[in-house]
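Numbering (our numbering), first residue to last: -1 to 369.
Contents: one structure, followed by commentary.
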Ligand SMILES: *Cc1c(COP(=O)(O)O)cnc(C)c1O
């Protein structure tokens, strides 16, 4: 079976994990601190705080910006449910905006229209765009819009570790940026996440929220505010440090494989059977998702590919289709694009351990399935 995704854990990482287990130093300690320094350097940010998941990172960012009951945060329609869920878990409202059909990211025109015609009782506090599947497009525009309307910008960069736009790393545009280290992402620690910021005050607040509101002082532990326990463990950090060293090569490999899909699948595009994702320089290629035109129902395509030894799946959810979050029926809040991507999107296998030959096999299986 050619799998959708397969994390590359090295023998070196495994033996480092065993060493840490033997040492007994399990919770947040030197290995996590070293990992944070390396991540801050890699991303070019002042503060990098490792946490227990991408969802925890988003939670800490929202709480650090004092977002809660009476507030609203704009999220894209096409994403994993965690993006909108976590806004609601703070007591704030997640308000959905549609996405762009070529990038799968938040539609910046509809975003601005939504802000201009804001008619919700809640106070709009922040925009939380997703760099969907690692696509860096439009993050500069979201920053401009946030500044124009005096809103905070939180990057949900869960899929975008290593992505960049015009040479600037994803993670450096937002007031906060949040990454996930889940096994489906470009860098994994099993479970894990990261919150980054260039702002000293935001960083201090986030570090307190992550660790019971505690701060180490000369006199011992001081409790500054109520907090959570969202710490990463040292043995997870060891896996992450090993991954980070190999990440640039992995990203190059993912990009090459994605471009090969673009090439191999072109005949199916010309036959009107699929649309391809828009993959340009700086994309982290966390997922390669095509869109099926209505030649065959997606469930049938997934089953037929499985028969041929290829794993595939839907790409992401549509928040409006989940019917858990707030939206009105005015023009800016139609979700035609997000709904189509949710219903017709097909994620194909893509990971750094794949070969170009396997991409060819997947493309050929898809051709046979759709003919
Ligand atoms: C994976 C993902 C998350 C959640 O990350 P976890 O580490 O699984 O908590 C949030 N947002 C997006 C866009 C994701 O893809």
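Positions of the beta carbon are idealized from the N, C-alpha and C atoms, including for glycine.
Keep in mind the model is a prediction, meaning the values are calculated, not measured.
Proximity test, residue i beta-carbon vs ligand 1 heavy atom, cut-off 7 Å
i, result
"residue 128", "yes"
"residue 178", "yes"
"residue 30", "no"
"residue 283", "no"
"residue 80", "yes"
"residue 157", "yes"
"residue 51", "yes"
"residue 75", "no"
"residue 136", "no"
"residue 145", "no"
"residue 160", "no"
"residue 154", "yes"
"residue 336", "no"
"residue 191", "yes"
Contact check, residue i vs residue j, beta carbons under 8 Å
i, j, result
"residue 127", "residue 168", "no"
"residue 136", "residue 106", "yes"
"residue 63", "residue 124", "yes"
"residue 70", "residue 120", "yes"
"residue 79", "residue 344", "no"
"residue 50", "residue 189", "yes"
"residue 26", "residue 230", "yes"
"residue 333", "residue 92", "no"
"residue 131", "residue 285", "yes"
"residue 312", "residue 299", "no"
"residue 84", "residue 47", "no"
"residue 346", "residue 360", "yes"
"residue 2", "residue 309", "yes"
"residue 232", "residue 34", "no"
"residue 234", "residue 187", "yes"
"residue 129", "residue 141", "no"
"residue 371", "residue 73", "This structure does not reach residue 371, given that the chain is present from -1 up to 369, and the question cannot be answered."
"residue 156", "residue 52", "yes"
"residue 351", "residue 13", "no"
"residue 192", "residue 37", "yes"
"residue 236", "residue 18", "yes"
"residue 281", "residue 161", "yes"
For residue i, the three-state DSSP class (helix, strand or coil)
i, result
"residue 303", "helix"
"residue 349", "coil"
"residue 183", "coil"
"residue 321", "coil"
"residue 241", "helix"
"residue 35", "helix"
"residue 192", "strand"
"residue 132", "helix"
"residue 265", "helix"
"residue 20", "helix"
"residue 394", "Residue 394 falls outside the range modelled here, since the chain spans only -1 to 369, and no answer is possible."
"residue 65", "coil"
"residue 253", "helix"
"residue 143", "helix"
"residue 246", "helix"
"residue 314", "coil"
"residue 333", "coil"
"residue 77", "strand"
"residue 157", "coil"
"residue 43", "coil"
"residue 92", "strand"
"residue 171", "coil"
"residue 215", "strand"
6 Å Cβ shell around residue i - same chain, five flanking residues per side excluded
i, result
"residue 195", "45, 174, 201"
"residue 349", "3, 4"
"residue 258", "354, 357"
"residue 57", "84"
Cut-off 7 Å between Cβ atoms - residues of its own chain near residue i, not counting five sequence neighbours on either side
i, result
"residue 147", "113"
"residue 65", "71, 88, 90, 123, 124"
"residue 183", "156, 157, 159, 284"
"residue 139", "106"
"residue 307", "-1, 0"
Contacting residues, own chain, Cβ-Cβ under 8 Å from residue i (five flanking each side not counted)
i, result
"residue 254", "354"
"residue 276", "100, 101, 133, 135"
"residue 356", "0, 347"
"residue 265", "365"
"residue 245", "40, 159, 160, 184, 185"
Check: residue i C-beta below 7 Å from any heavy atom of ligand 3
i, result
"residue 164", "As far as ligands go, the structure on display features ligand 1 and does not contain ligand 3."
8 Å Cβ cutoff, residue i in contact with chain E
i, result
"residue 34", "The structure shown contains no chain E; it holds only a single protein chain."
Notebook entry, point to check: Can you find at least 3 beta carbon pairs, one from the stretch 237 to 252 and one from the stretch 91 to 100, that sit closer than 8 Å?
Noted result: At 8 Å Cβ cutoff, the stretches do not touch.
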